[in-house]
Amino acid sequence: QVQLVESGGGLVQAGGSLRLSCAASGTIASINAMGWYRQADGKQRELVAAVTSGGSTNYADSVKGRFTISRDNAKNTVYLQMNSLKPEDTAVYYCNAAPYSSASWGRGTRVTVSS
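Counting from 5, one number per residue, gives the positions in the sequence shown under the working numbering.
This is how it looks when you write it as structure tokens:
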């Protein structure tokens with residue numbers, strides 16, 4: 005199983021930006037779709053963005069127009085550019101395949117957006 009390590013989270017003011025990275029221990033080229041998920045305190049984990057190997061993307065309505073997902077198969081890395089952040093974006097962010105692999109969850113990276 006590919007192991008995933010997320011980074012790039014932090015504390016940011018509302019309206020600010022962050023870029024998250026997800027480094028895989030092995031190749032992601034064979035994984036059709038990679039996604040970014042988030043879990044806010046007391047809530048279920050949700051898929052917020054996904055990108056296929058062909059570059060097609062999908063976004064949750066709550067982040068559409070603000071977040072951009074991309075992948076670099078040569079670097080085995082998936083990115084999430086987050087702009088115009090809102091307090092409701094506060095969560096721990098994870099990457100995984102979409103649909104996810106239970107064995108591949110990393111520790112995530114925490115994003116906190118202050119108002």
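Even for Gly, the Cβ is constructed at its ideal location relative to N, Cα and C.
Computed from a predicted structure; not experimentally measured.
From what residue to what residue does the beta strand (DSSP E) around residue i run?
i: R70; result: Counting along the chain, R70 falls outside any beta strand (DSSP E), and DSSP gives it neither H nor E.
i: E92; result: Note, E92: premise wrong, no beta strand (DSSP E); not H, not E.
i: W109; result: W109 -> no beta strand (DSSP E), and no H or E assigned at all.
i: Y104; result: Neither: Y104 is in no beta strand (DSSP E) and is coded neither H nor E.
i: A28; result: L22 to A28
i: S119; result: Counting along the chain, S119 falls outside any beta strand (DSSP E), and DSSP gives it neither H nor E.
i: A44; result: From DSSP, A44 is part of no beta strand (DSSP E); its letter is neither H nor E.
i: T81; result: T81 to M86
Hey, how far is the Cα of residue i from the Cα of residue j?
i: G46; j: K79; result: 34 Å
i: A54; j: Y104; result: 11 Å
i: C26; j: V16; result: 19 Å
i: R70; j: G58; result: 21 Å
i: Y98; j: S119; result: 23 Å
i: V96; j: V115; result: 6 Å
i: R111; j: K68; result: 25 Å
i: A37; j: G14; result: 26 Å
i: D76; j: V82; result: 6 Å
Under the assumption that residue i contacts residue j (Cβ atoms under 8 Å), give the Cβ distance between them as a whole number of angstroms.
i: E10; j: T113; result: 4 Å
i: L89; j: G19; result: 7 Å
i: V6; j: A28; result: 5 Å
DSSP puts residue i in a beta bridge; with which residues?
i: N62; result: A54
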